[in-house]
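Participant: Below you'll find the structure I mean.
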Amino acid sequence: GANTVNVLLVDIRAWDTMGEVAVLVVAATGVASMVFRNRRFGAAPRVQDVRNAGGPDIQQPTAYLENSPAVGNITWLRGSGLRDPRHRSLVLEVATRLIFPVMMVLSAYFFFAGHNTPGGGFAGGLMAGLALVLRYLAGGPYELGETLPLDAGKILGAGLTLTAGTAAASLLVGAPVLSSALIEMDVPVLGTVKFVTALFFDLGVYLIVVGLVLDVLRSLGARVDAEIETEINEQERKAVHQ
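With positions in the sequence shown counted from 1, the corresponding number in the working numbering is that position plus 8.
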């Protein structure tokens, strides 16, 4: 590969990279475990959860939020319709709807082209993570659940399993651990395509970075938002009784 940084990460210093991504998994687990006292696992809440009466961790939106003129009948993001109108930004919602697909395409480009050009699993995962952060800021936790309705723990586990499995797979062909091979194949329309087996290792890194961001947003971010909302509601109740 022509990208020296990515080659160092997935080829020359692959063992170090495995240790680093393992630390990321431990960090994500630690953050979520400190925030959640009762239930650690599960995907972010979705709009359908509210329609089905939700669970103990889901707060039902009040009627004035759904009928407020500030919300309107048009929603650019599915989860934004359940947010307090005072916390919504139409400009941010429209911009997120337009920018999010572009960011995900750029994330995929970084991932696939990272072995020879700037990018790689870390860069692609960070770009996808930033896209999720943007979606969360625009639509809240429900929008995060609509965007990626998967358990962050499973994504982290899949990424760590993929990196470890790729490391051990080379032993099946009698090669040293974490060895990579270059495969060339002829694909219709595209022509000759070169494929490096280290891409699977990079995919594991990509999933771990995305899972880390999703876990932090789902746990720490959602909990902070819930505490802020509770504090605002308490202040409003005190103002009414005064």
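Beta carbons: idealized from backbone N, C-alpha and C, even for Gly.
Going by DSSP in three states, Asp24 sits in which element: helix, strand or coil?
Facilitator: Within the sequence shown, the letter at position 16 stands for residue 24. Correct three-state label for Asp24: helix.
Participant: If Ala172 and Leu186 are in contact, beta carbons under 8 Å, what's the gap, nearest whole angstrom?
Facilitator: Numbered from 1 along the sequence shown, position 164 holds the residue referred to as residue 172. Numbered from 1 along the sequence shown, position 178 holds the residue referred to as residue 186. Contact doesn't hold; Cβ gap of about 10 Å is too wide.
Participant: Measure the C-alpha to C-alpha separation of Ser178 and Leu140 and round it to an integer number of angstroms.
Facilitator: Here the question's residue 178 lines up with position 170 in the sequence shown. Here the question's residue 140 lines up with position 132 in the sequence shown. So the alpha carbons of these two residues sit roughly 34 Å apart.
Participant: Tell me the rounded alpha-carbon separation between Ala22 and Val13.
Facilitator: Mapped onto the sequence shown, residue 22 falls at position 14. Mapped onto the sequence shown, residue 13 falls at position 5. Approximately 12 Å, taken between the alpha carbons.
Participant: Tell me, which residues are paired with Phe203 by DSSP?
Facilitator: In the sequence shown, residue 203 corresponds to position 195, counting from 1. According to DSSP, which records beta bridges pairwise, Phe203 is partnered with Ile191.
Participant: What's the C-alpha gap between Ser188 and Ala36?
Facilitator: Position 180 of the sequence shown holds residue 188. Position 28 of the sequence shown holds residue 36. Each residue's alpha carbon lies about 29 Å from the other.
Participant: Quick check on DSSP: helix, strand or coil for Thr83?
Facilitator: Translated into positions along the sequence shown, residue 83 becomes position 75. DSSP places Thr83 in coil when its eight states are reduced to three.
Participant: Between the beta-carbon of Thr104 and the beta-carbon of Ala146, is there less than 8 Å?
Facilitator: For the purposes of this step, residue 104 is identified with residue 96 of the sequence shown, where counting begins at 1. For the purposes of this step, residue 146 is identified with residue 138 of the sequence shown, where counting begins at 1. Going by C-beta atoms, Thr104 is nearer than 8 Å to Ala146.
Participant: Within 10 angstroms of the Cβ of Gly38, are there 16 or more other Cβ atoms? Answer buried if so, exposed if not.
Facilitator: Position 30 of the sequence shown, counting from 1, holds the residue named residue 38. That one is exposed.
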